[in-house]
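There are 2 protein chains.
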Amino acid sequence: MRSYEAHVMEPGNGRYPGRVTFPVVGMVGGGQLARMTHEAGIPLGIRFRLLSDTPQDSAAQVVNDVVVGDYRDLDTLRAFARGCDVLTFDHEHVPTEHLRALQAEGVTVRPGPDALMHAQDKGLMRARLAAIGVPCPRNRIVADPADVAAFAAEGAAEGTDGFPVVLKTVRGGYDGKGVWVVRDVTEAAEPFKAGVPVLAEEKVDFARELAANVVRSPHGQAVAYPVVESVQVDGVCDTVIAPAPGLSGELSAAAQRLALTIAKDLGVVGHLAVELFETRDGRILVNELAMRPHNSGHWTQDGAVTSQFANHLRAVLDLPLGDPRPRARWTVMCNVLGGDFPDMYFAYLHCMARDPGLKIHMYGKDVKPGRKVGHVNTWGDDLADVRERARHAADYLRGTIQE
Amino acid sequence: MRSYEAHVMEPGNGRYPGRVTFPVVGMVGGGQLARMTHEAGIPLGIRFRLLSDTPQDSAAQVVNDVVVGDYRDLDTLRAFARGCDVLTFDHEHVPTEHLRALQAEGVTVRPGPDALMHAQDKGLMRARLAAIGVPCPRNRIVADPADVAAFAAEGAAEGTDGFPVVLKTVRGGYDGKGVWVVRDVTEAAEPFKAGVPVLAEEKVDFARELAANVVRSPHGQAVAYPVVESVQVDGVCDTVIAPAPGLSGELSAAAQRLALTIAKDLGVVGHLAVELFETRDGRILVNELAMRPHNSGHWTQDGAVTSQFANHLRAVLDLPLGDPRPRARWTVMCNVLGGDFPDMYFAYLHCMARDPGLKIHMYGKDVKPGRKVGHVNTWGDDLADVRERARHAADYLRGTIQE
Numbered sequence: 001m002r003s004y005e006a007h008v009m010e011p012g013n014g015r016y017p018g019r020v021t022f023p024v025v026g027m028v029g030g031g032q033l034a035r036m037t038h039e040a041g042i043p044l045g046i047r048f049r050l051l052s053d054t055p056q057d058s059a060a061q062v063v064n065d066v067v068v069g070d071y072r073d074l075d076t077l078r079a080f081a082r083g084c085d086v087l088t089f090d091h092e093h094v095p096t097e098h099l100r101a102l103q104a105e106g107v108t109v110r111p112g113p114d115a116l117m118h119a120q121d122k123g124l125m126r127a128r129l130a131a132i133g134v135p136c137p138r139n140r141i142v143a144d145p146a147d148v149a150a151f152a153a154e155g156a157a158e159g160t161d162g163f164p165v166v167l168k169t170v171r172g173g174y175d176g177k178g179v180w181v182v183r184d185v186t187e188a189a190e191p192f193k194a195g196v197p198v199l200a201e202e203k204v205d206f207a208r209e210l211a212a213n214v215v216r217s218p219h220g221q222a223v224a225y226p227v228v229e230s231v232q233v234d235g236v237c238d239t240v241i242a243p244a245p246g247l248s249g250e251l252s253a254a255a256q257r258l259a260l261t262i263a264k265d266l267g268v269v270g271h272l273a274v275e276l277f278e279t280r281d282g283r284i285l286v287n288e289l290a291m292r293p294h295n296s297g298h299w300t301q302d303g304a305v306t307s308q309f310a311n312h313l314r315a316v317l318d319l320p321l322g323d324p325r326p327r328a329r330w331t332v333m334c335n336v337l338g339g340d341f342p343d344m345y346f347a348y349l350h351c352m353a354r355d356p357g358l359k360i361h362m363y364g365k366d367v368k369p370g371r372k373v374g375h376v377n378t379w380g381d382d383l384a385d386v387r388e389r390a391r392h393a394a395d396y397l398r399g400t401i402q403e
Numbered sequence: 404m405r406s407y408e409a410h411v412m413e414p415g416n417g418r419y420p421g422r423v424t425f426p427v428v429g430m431v432g433g434g435q436l437a438r439m440t441h442e443a444g445i446p447l448g449i450r451f452r453l454l455s456d457t458p459q460d461s462a463a464q465v466v467n468d469v470v471v472g473d474y475r476d477l478d479t480l481r482a483f484a485r486g487c488d489v490l491t492f493d494h495e496h497v498p499t500e501h502l503r504a505l506q507a508e509g510v511t512v513r514p515g516p517d518a519l520m521h522a523q524d525k526g527l528m529r530a531r532l533a534a535i536g537v538p539c540p541r542n543r544i545v546a547d548p549a550d551v552a553a554f555a556a557e558g559a560a561e562g563t564d565g566f567p568v569v570l571k572t573v574r575g576g577y578d579g580k581g582v583w584v585v586r587d588v589t590e591a592a593e594p595f596k597a598g599v600p601v602l603a604e605e606k607v608d609f610a611r612e613l614a615a616n617v618v619r620s621p622h623g624q625a626v627a628y629p630v631v632e633s634v635q636v637d638g639v640c641d642t643v644i645a646p647a648p649g650l651s652g653e654l655s656a657a658a659q660r661l662a663l664t665i666a667k668d669l670g671v672v673g674h675l676a677v678e679l680f681e682t683r684d685g686r687i688l689v690n691e692l693a694m695r696p697h698n699s700g701h702w703t704q705d706g707a708v709t710s711q712f713a714n715h716l717r718a719v720l721d722l723p724l725g726d727p728r729p730r731a732r733w734t735v736m737c738n739v740l741g742g743d744f745p746d747m748y749f750a751y752l753h754c755m756a757r758d759p760g761l762k763i764h765m766y767g768k769d770v771k772p773g774r775k776v777g778h779v780n781t782w783g784d785d786l787a788d789v790r791e792r793a794r795h796a797a798d799y800l801r802g803t804i805q806e
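In order, the protein sequences belong to chains D and C. Heads up: the first sequence begins at 1 in the numbering used here, then just goes up one per residue. Heads up: the second sequence begins at 404 in the numbering used here, then just goes up one per residue.
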């Protein structure tokens, strides 16, 4: 018999008399990731407490125990943490120094700041991955447009000037925001205007993008989901195919090993998404890291034995992790972006009638053009069919097709 | 293209500015069925409002929009309904006359009182099923113990006195409560003490119990889940096996047809569970009806394309129904009952470590001996193995086995 005595959480703050042993998870951030984490926490019987910017946020609409407050304020975080056995995150934006302060005061923060800072700061992430020998695109911090030109020249092949170059602010970017592809020194001026350090990276001529998602718990147990293909449109995730079609067993295993190594070496607790480039010559390079449930793992809600959300909760609570294996030959996720019509209810009805096996996940968000407001999952044996079903529903919900 | 214009709900009470078209479902009753219905409603993007007896009830712990109040009070129901596009139920106990009053005032009640009264009153149910030709155990309303003896004598075979007889109060029973199996006229006194009409039924010498679960929407669409075997222990559901092992295609189809007929003829909207006896000579007789998500359908959360909870919501909103087909060869559900230990957290850890594919569903309820506090689902190709996994977890959580 395996003993878990070492990992059992202390009871919460006594707000639930008679139910002291099922712990309270506090999640900072009220977006759709928190919404779906709460959904996954309901069958687990845990308590879920939310720190949300507003009472209207996606997760705040569906969670019972909501604190409205500013995650940038240490006192707010401190008061919120008081009711929780463990603190975890819907986004990377909580200041690292606040997390250190909370940790010093005895709050259990998972992932902890020593790990999370690598998802918060792309410069730190690149330096650390280089130190542990993880292959990345050529990169360095650049000081100004002239330095960008120098960086480009360093990578120039015979007869080229090394442009285009990818520039990223080291903090605060997501979904293509905070990222520029610049074709010359003139275009390189823009990213420096925010006053945030800028990272230059070679523009990788990739064959496609992959994601290797793993979950790691404090006692060191880890599980790896199948490696997926991720298709981006205008810098925003559009489609995820699980598993990545035609990916060799070798490269798939290498990507999983890479993600497990990063999780272990950085001390990640919870879900880690490693976004990868698959190069045309069959290598993999790390693009980005996220230490929370991630868009590339939404397919697991309907396509895996245990979803990324359930496993993230199990990990931050140091519960044994759930089986990450797929339930279907193919699962496809397409994001639903807002279109020109603010009202999706007609389209939603139509999609349900057309495809009774379609799984729609709506976030309760106001529709704005280009905004992620939901996603759909489909599964089956025929990839072309599975993909077409998800594609159709996402396009119909957005309003880009009619029928 | 199919038009749904006729079925679109009027927007809610405007409490969610900018999100008027996703409707508000109000559920009366804060038990685990409401908890799991809310869980299923999160991806649907609908609003879920709860009328709960206390703020500590199973569903009240996880729902954002909770009204605490007494469902037996018409004014409370009226105020609650004001914020909802449709009213539905976690239990059968709302007085029928209140539902009629609400309906008369324009509230959309699903299932409506004309259907629901057959799940509220066993006498009405038996009379109606007889009228539409549905096979039931021999039964009639009895006036006193002498009348019970007369009922028994009417069914006596050669050389017997017709006992034992099953007696049920026509209202208020569940999980074996309100049901007696009496062996003689002396024992027949007890059920009359409550002052509620008593129904006598023959004690069917059944081979096993089955359940046929269907979902029907107001526009008449209906789906049928696979017929399951339900194993009761001490009058409480213990195990559900989907599909019922060894059930002939003919009997399975007959059971589904029967349930669909009842749903249509009684005008049921939402989930209908038809509990059945399979007799030793290969007939099926209706035991009980429930017009809400039901314990015999909990396996659908992990074992069907669309769960009973999601389909109940889709039905009461008149949305197109989801695919009811199974995702695995076998799915088994076992209820987790409370044992002698109030703290299940150690056992829960152990079960997760032992079986990473186990799906635990906890209700957030205080542990009391014999009380349903959760259930587990397992699935796979080998029924003996799938059943053993669920059995083990339920027993370990209850504390009846150690290892």
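We put the beta carbon where it would ideally sit given N, CA and C, even for glycine. Bear in mind the structure is a predicted one, so any value in this text is a computation, not a measurement.
Check	Outcome
Beta-ladder partner(s) of Lys667 (chain C), from DSSP	According to DSSP, which records beta bridges pairwise, Lys667 (chain C) is partnered with nothing at all.
Cβ distance (whole Å) where Thr331 (chain D) is taken to contact Asp302 (chain D) below 8 angstroms	7 angstroms
Cutoff 8 angstroms: Thr300 (chain D) Cβ touching any chain C Cβ	no
Validate contact between the stretch 331–345 of chain D and the stretch 362–382 of chain D using beta carbons, cut 8 angstroms, 3 pairs	yes
Gly685 (chain C) versus Lys667 (chain C): straight-line alpha-carbon distance, rounded	25 angstroms
Arg216 (chain D) versus Arg138 (chain D): straight-line alpha-carbon distance, rounded	28 angstroms
Among C:Met430, C:Arg475, C:Ile687, C:Phe492, nearest to Arg611 (chain C) - alpha-carbon criterion	C:Ile687
Residue environment, Arg717 (chain C), which counts as buried when at least 16 other CB atoms sit within 10 Å	buried
Where Leu199 (chain D) falls: helix, strand or coil (DSSP)	strand
Boundaries (first-last residue) of the alpha helix (DSSP H) holding His118 (chain D)	113–120
Inter-residue spacing [alpha-carbon to alpha-carbon] between Ala647 (chain C) and Leu397 (chain D)	38 angstroms
Proximity below 8 angstroms, CB of Asp641 (chain C) to CB of Cys737 (chain C)	yes
Beta-carbon proximity of Val545 (chain C) to Val537 (chain C), cut-off 8 angstroms	no
Contacts that Glu442 (chain C) makes with chain D (C-beta to C-beta distance below 8 angstroms)	Glu39, Ile42, Pro43
Tyr474 (chain C) beta carbon less than 8 angstroms from that of Gly434 (chain C)	no
Pro713 (chain C) - containing alpha helix (DSSP H), residue span	Per the sequence shown, residue 713 (chain C) should be read as Ala rather than Pro. Ala713 (chain C) -> alpha helix (DSSP H) spans 711–719.
Minimum Cβ-Cβ distance from Val746 (chain C) to chain D less than 8 angstroms	Strictly speaking, residue 746 (chain C) in this sequence is Asp, with Val absent from that position. Judged by the 8 angstroms Cβ criterion, Asp746 (chain C) is in contact with chain D.
6 angstroms Cβ shell around His494 (chain C) - same chain, five flanking residues per side excluded	Gly432
Min CB distance Asn335 (chain D) to chain C below 8 angstroms	no
Min CB distance Phe22 (chain D) to chain B below 8 angstroms	Although the question refers to chain B, the structure presented lacks it and instead comprises the protein chains D and C.
Cβ of Asp385 (chain D) within 8 angstroms of any chain C Cβ	no
Within chain C, the residues that Val332 (chain D) reaches when beta carbons sit closer than 8 angstroms	Correct list: empty, because the minimum Cβ distance to chain C is about 15 angstroms.
Nearest neighbour of Leu319 (chain D), chosen from D:Asn311, D:Val367, D:Ala188 [CA to CA]	D:Asn311
CB contact check: Phe380 (chain D) to chain C, cutoff 8 angstroms	The amino acid at residue 380 (chain D) is misidentified as Phe; the sequence shows Gly. Judged by the 8 angstroms Cβ criterion, Gly380 (chain D) is not in contact with chain C.
Cβ-Cβ separation, Leu663 (chain C) to Val617 (chain C) (assumed contact under 8 angstroms), whole Å	5 angstroms
Three-pair Cβ contact test at 8 angstroms for the stretch 41–57 of chain D versus the stretch 761–769 of chain C	yes
Limits of the unbroken beta strand (DSSP E) element including Ala207 (chain D)	206–216
Interface residues of chain C facing Ala157 (chain D) [CB-CB closer than 9 angstroms]	Correct list: empty, because the minimum Cβ distance to chain C is about 48 angstroms.
Contact with chain C by Gln61 (chain D), beta-carbon distance below 8 angstroms	yes
Contact with chain D by Pro759 (chain C), beta-carbon distance below 8 angstroms	yes
Beta strand (DSSP E) segment containing Phe680 (chain C), residue limits	673–682
Proximal residues to Ala130 (chain D) (C-beta, below 8 angstroms), its chain only, five neighbours per side dropped	Cys136
Pro723 (chain C) at chain D interface by Cβ criterion, 8 angstroms	yes
Outcome for Ser406 (chain C) when other beta-carbon atoms lying within 10 angstroms are tallied against a minimum of 16	Annotation note: pLDDT 33 at Ser406 (chain C) (below 50); position unreliable, coordinate value reported separately. It is exposed - the Cβ of Ser406 (chain C) has fewer than 16 other Cβ atoms within 10 Å.
Per DSSP, cross-strand counterpart(s) of His778 (chain C)	C:Asn738, C:His764
Local conformation of Ser52 (chain D) per DSSP, three classes	strand
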